[in-house]
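Colleague: Each residue of the sequence shown is one higher than the last, beginning at 1 in our numbering. Below is one structure. I have some questions about it.
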Amino acid sequence: MADLKLTNIDKTYGASVNVLKDINLEIEKGELIVFVGPSGCGKSTLLRMIAGLEKITGGTLEIDGQVVNDVPPAQRGIAMVFQSYALYPHMTVRDNMAFALKIAKKSRQEIDATIENAARILQLEPYLDRLPKALSGGQRQRVAIGRSIVRDPKVYLFDEPLSNLDAGLRVATRIEIAQLKESMPDSTMIYVTHDQVEAMTLASRIVVLANRGIAQVGTPLELYERPENEFVAQFIGSPSMNLMPGKIVSTGTETVVELDGGGKARSSVSTGDDLQGADVNVGIRPEDFELTEDEHCYSGKVAITEALGEVTLLYFEQKEREEPIIAKLPGIHREIRGEIVKLSAPRDKIHLFKEGHSLLKR
1 MADLKLTNID KTYGASVNVL KDINLEIEKG ELIVFVGPSG CGKSTLLRMI AGLEKITGGT
61 LEIDGQVVND VPPAQRGIAM VFQSYALYPH MTVRDNMAFA LKIAKKSRQE IDATIENAAR
121 ILQLEPYLDR LPKALSGGQR QRVAIGRSIV RDPKVYLFDE PLSNLDAGLR VATRIEIAQL
181 KESMPDSTMI YVTHDQVEAM TLASRIVVLA NRGIAQVGTP LELYERPENE FVAQFIGSPS
241 MNLMPGKIVS TGTETVVELD GGGKARSSVS TGDDLQGADV NVGIRPEDFE LTEDEHCYSG
301 KVAITEALGE VTLLYFEQKE REEPIIAKLP GIHREIRGEI VKLSAPRDKI HLFKEGHSLL
361 KR
């Protein structure tokens, strides 16, 4: 398997449409890297550039230390799994998986052994003699993955492979992909998705793309607990992190912010004296809010409650805010709809952002 290194990668269409700019990323052998970001951020384009299906406008792409900018896709040692299964409908599962091996002129014995191994890993053994039309969507996607496995590539690329599946199949197939990765610990995988759950549960590291570049790279927990900017803070996590404007009134080992809505936030984020009086945004995740009768960060009238069983979402009435304040509390709380409630949050769960960037020292 392979290491990848992307250095100052650019992608431009025509003379002026710049899709990606200055992408710098190192991917180590054995990692499962997930690209996430809003629609149109270039995540699939970046994946296709790695595959060789899109030309790199600027910068260099290295696989195992070799620059491959001008190397044809078939010679890069890469296998790609698309969101459409792209199976040959007239071929059995066995023949679909064997096709690339036959083209490579492998022996019949080697082909059979390779297919049997891939089928065992993906639990496809009962379906080897079926046509694709006789399989479920999840089974077809496993065949597409199996077709990649038999080639023994340096890098596996997954382009939103679960997006065509219904919710139940997505969960089952996501678990299967996680188990597949565990069974092939040295395999390097790059996975594109718009689904946060897929990203958080599958990734060794997540690459968040936005505004033509990389907003942050880190493990799922690093992005969740230590977002470097407001975009990542609100993109990772569902519902999104609440952002509330305020002014720093006390600095030191504890930073105190008076919020525009009248509340007070005490954060364990340490700031210097030069930020006394600075305008900041206070970030609090909905699940970090707690009901209180004492000093509070936020108080408001509950407009809507959504009881989801183990948790209840509270949506608060807003006057001039575009984004609602949302609290996610354990248990059922239908009875507080229409009530004015106060919310607080632990000091170590309160994030501070100035001009869009985190004040948390690293």
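Just so it is clear, CB atoms sit at the ideal spot from N, CA and C, and this is done for glycine as well.
Assuming the contact rule is C-beta atoms closer than 8 Å, E176 and R120 should be a hit. Round their C-beta distance to whole Å, please.
Modeller: Their Cβ separation, rounded to whole angstroms, is 13 Å, which puts E176 and R120 out of contact at 8 Å.
Colleague: Rank E317, D294, A203, V71 by C-alpha distance to the C-alpha of G52 and give the top, closest one.
Modeller: Nearest C-alpha to G52 among E317, D294, A203, V71: V71.
Colleague: Which residue or residues does DSSP assign as beta-bridge partners of P245?
Modeller: N281
Colleague: If I measure Cβ to Cβ from M48 and keep anything under 6 Å in the same chain, skipping five residues before and after, which residues do I get?
Modeller: Reading off the sequence shown, one finds Arg at residue 48, where the question assumed Met. For R48, where only same-chain residues beyond five positions count, the Cβ hits under 6 Å are E54.
Colleague: Return yes when the Cβ of G146 is within less than 8 Å of the Cβ of L124, no when it is not.
Modeller: yes
Colleague: Taking K5 as the reference, which of E222, I340, K11, I27 has the closest Cα?
Modeller: I27
Colleague: Alpha helix (DSSP H) containing F99: first to last residue?
Modeller: 93-103
Colleague: Relative to the alpha-carbon of R170, which residue among I149, Y156, T188, Q196 has its alpha-carbon at the smallest distance?
Modeller: Q196
Colleague: Going straight from the alpha carbon of K301 to that of I284, what length do you get?
Modeller: 18 Å
Colleague: Would you list the residues sitting across from D159 in a DSSP beta bridge?
Modeller: V192
Colleague: Between the segment 238-251 and the segment 315-329, can you find at least three pairs of beta-carbon atoms closer than 8 Å?
Modeller: yes
Colleague: Distance check for I340 and V19, CA to CA, integer angstroms please.
Modeller: 46 Å
Colleague: Taking only three categories from DSSP, how would you classify V385?
Modeller: Only positions 1 to 362 of the chain appear in the structure, and residue 385 is not among them; the question remains open.
Colleague: Using three-state DSSP, classify R362 as helix, strand or coil.
Modeller: Its pLDDT being 47, under 50, R362 is placed unreliably by the model, and the measurement read from it follows with that caveat. Of the three classes helix, strand and coil, the one that applies to R362 here is coil, per DSSP.
Colleague: Classify R362 as buried or exposed, calling it buried when 16 or more other Cβ atoms lie within 10 Å of its own Cβ.
Modeller: Note that R362 scores a pLDDT of 47, beneath 50, so its modelled location is shaky; the value from the coordinates is reported in the next line. Exposed.
Colleague: Have a look at L128 and L180 and give me their C-alpha separation to the nearest angstrom.
Modeller: 18 Å
Colleague: Spatial neighbours of E287 within its chain, please: CB distance less than 6 Å, with the 5 preceding and 5 following residues excluded, ordered by chain position.
Modeller: K328
Colleague: Roughly how many whole angstroms lie between the Cα atoms of L223 and Y298?
Modeller: 25 Å
Colleague: Kindly list the residues whose CB is nearer than 6 Å to the CB of V67, restricted to its own chain and excluding five residues on each side of it in sequence; keep chain order.
Modeller: T60
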